[in-house]
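**Q** Just so you know, we're using the numbering used here here: the sequence shown kicks off at 516 and counts up by one.
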Amino acid sequence: MSGLLASIKRNCKVYFKDKAMFFSSLITPIILLVLYVFFLAKVFKDNFNQSLEGVACPDKLINGMVAGQLCSSLLAVCCITVAFCSNMLMVQDKVTGVRADLAITPAKRSVHALGYYISTLVTTIIVCGVAACCSLIYIACSGWYLSVGDVFLLLSDVVLLSMFGTALSSVINFFLSSQGQMSAVGTAVSAGYGFICGAYMPISFFGKALQNIVGFLPGTYGTSLVRYHSMAGTLREMSAMGWDSSVIESIKDSVDINLYLFGSKVEIWVSYLVLVLSIVALVGVYVLLNMFVGKKRKK
Numbered sequence: 516m517s518g519l520l521a522s523i524k525r526n527c528k529v530y531f532k533d534k535a536m537f538f539s540s541l542i543t544p545i546i547l548l549v550l551y552v553f554f555l556a557k558v559f560k561d562n563f564n565q566s567l568e569g570v571a572c573p574d575k576l577i578n579g580m581v582a583g584q585l586c587s588s589l590l591a592v593c594c595i596t597v598a599f600c601s602n603m604l605m606v607q608d609k610v611t612g613v614r615a616d617l618a619i620t621p622a623k624r625s626v627h628a629l630g631y632y633i634s635t636l637v638t639t640i641i642v643c644g645v646a647a648c649c650s651l652i653y654i655a656c657s658g659w660y661l662s663v664g665d666v667f668l669l670l671s672d673v674v675l676l677s678m679f680g681t682a683l684s685s686v687i688n689f690f691l692s693s694q695g696q697m698s699a700v701g702t703a704v705s706a707g708y709g710f711i712c713g714a715y716m717p718i719s720f721f722g723k724a725l726q727n728i729v730g731f732l733p734g735t736y737g738t739s740l741v742r743y744h745s746m747a748g749t750l751r752e753m754s755a756m757g758w759d760s761s762v763i764e765s766i767k768d769s770v771d772i773n774l775y776l777f778g779s780k781v782e783i784w785v786s787y788l789v790l791v792l793s794i795v796a797l798v799g800v801y802v803l804l805n806m807f808v809g810k811k812r813k814k
């Protein structure tokens, strides 16, 4: 346990000591939020106005819906991209030879592997927690309808997605061993993940075949959960105003709160189950890689 704590402490110190890595991780979500507000907010608002044509809807409610959708997109992406950025320390240690030096210490290889995972998770939650706070401030300024329970569930979604992002990055980064590979993977994840998880563009806009393919990706369900809890307050307000349930359901369908796989609606508890099982599976793969592949390399 003392070796594990020392490993976690060392990794966190190195991460926060690298100002370029830390501030790039921290400022990226803020920049994304600003870009979303200035370039996507009007598009989302126009889409809502078109879909609600003929239905009386206060501007505050529409603004709250747009803010919730924007912030959920931001958090869904950042929990993964920040995890990959934080976990690059594991690859850097290979490149610089630090990993080889750590291998000769009394601590077992599994301790160092777990240390990388936990330290990456801690730093990811810190950065994404800041992004979540900024997002909640933006929602409050636009139109606040969230309850305390909604905020708690939203933050728990951020933690869950951070765990998924850390596990996914740990498995992928395990095979990287150079700066070029780090840059390539980081660019691919930053550019592509937001599209395949439905953060940049709702999955409901995709073709049926692509919707079914994306439905097998765990990140899709994470995005849906974050979106549901960030927009839950506005949906309750619509119901309180007496809106027809079919209108509310159509809104849920359009923003991927309601997910469908081969025509069948995916329940919220199923989304949680898929995400949790994916985390467990990825962590299990990461452990096995360190037990067998790492041992083989050492020989």
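Virtual Cβ for every residue (Gly too), placed ideally from N, Cα, C. Note that the structure is predicted; figures quoted are calculated from it, not measured.
Nearest-angstrom Cα distance between V626 and S684?
**A** Going by the C-alpha atoms only, they are around 18 Å apart.
**Q** For C600 versus G695, is the C-beta spacing smaller than 8 Å?
**A** Cβ atoms of C600 and G695: not closer than 8 Å.
**Q** Contact check, D771 vs I718 under 8 Å by CB: the rounded distance?
**A** About 5 Å separates the two Cβ atoms, so the contact holds.
**Q** Candidates L776, Y801, K767 and K780: which alpha carbon is nearest L567's?
**A** Of the listed residues, the one whose Cα sits closest to L567 is K767.
**Q** Ordered along the chain, which non-local residues of its own chain (more than five positions away) have a Cβ less than 6 Å from that of F559?
**A** Within the same chain, F559 has close Cβ partners V581 and Q584.
**Q** Short of 6 Å in beta carbon distance, which residues of its chain neighbour F689, apart from the five on each side in sequence? Order them along the chain.
**A** The answer, listed in chain order, is L804.
**Q** Counting C-beta neighbours from all protein chains within 10 Å, is the total for G707 16 or more, i.e. buried, or is it exposed?
**A** Exposed, by the Cβ-count rule.
**Q** Can you tell me where the beta strand (DSSP E) holding Y551 begins and where it ends?
**A** Y551 -> no beta strand (DSSP E), and no H or E assigned at all.
**Q** Quick one, are the C-beta atoms of L576 and E752 less than 8 Å apart?
**A** In contact: L576 and E752 (Cβ atoms closer than 8 Å).
**Q** Hey, L774 and G737: beta-carbon distance below 8 Å or not?
**A** It is not a contact, given that the beta carbons lie outside the stated cut-off.
**Q** Which stretch, first to last residue, makes up the beta strand (DSSP E) that contains V781?
**A** Its beta strand (DSSP E) spans residues S779 to V781.
**Q** Have a look at S693, A747 and S769 and flag the residue whose alpha-carbon is nearest the alpha-carbon of A714.
**A** Among S693, A747 and S769, the Cα nearest to that of A714 is on S769.
**Q** On the DSSP letters alone, give me the boundaries of the beta strand (DSSP E) that L774 sits inside.
**A** Counting along the chain, the beta strand (DSSP E) containing L774 begins and ends at L774 to L776.
**Q** Can you give me the start and stop residues for the alpha helix (DSSP H) that I718 sits inside?
**A** Neither: I718 is in no alpha helix (DSSP H) and is coded neither H nor E.
**Q** Out of L590, V802, T596 and L790, point me to the one whose CA is closest to V741's CA.
**A** Of the listed residues, the one whose Cα sits closest to V741 is L590.
**Q** For K814, which three-state DSSP category applies?
**A** In this prediction, K814 scores a pLDDT of 49, lower than 50, which makes its location untrustworthy; no coordinate-derived value is stated.
**Q** Got a sec, what are the start and stop residues for the alpha helix (DSSP H) L668 sits in?
**A** First-last of the alpha helix (DSSP H) with L668: V663 to N688.
**Q** Relative to the C-alpha of I711, which candidate in V637, G630, N727 and A699 has its C-alpha closest?
**A** Checking every option, the nearest Cα to that of I711 belongs to N727.
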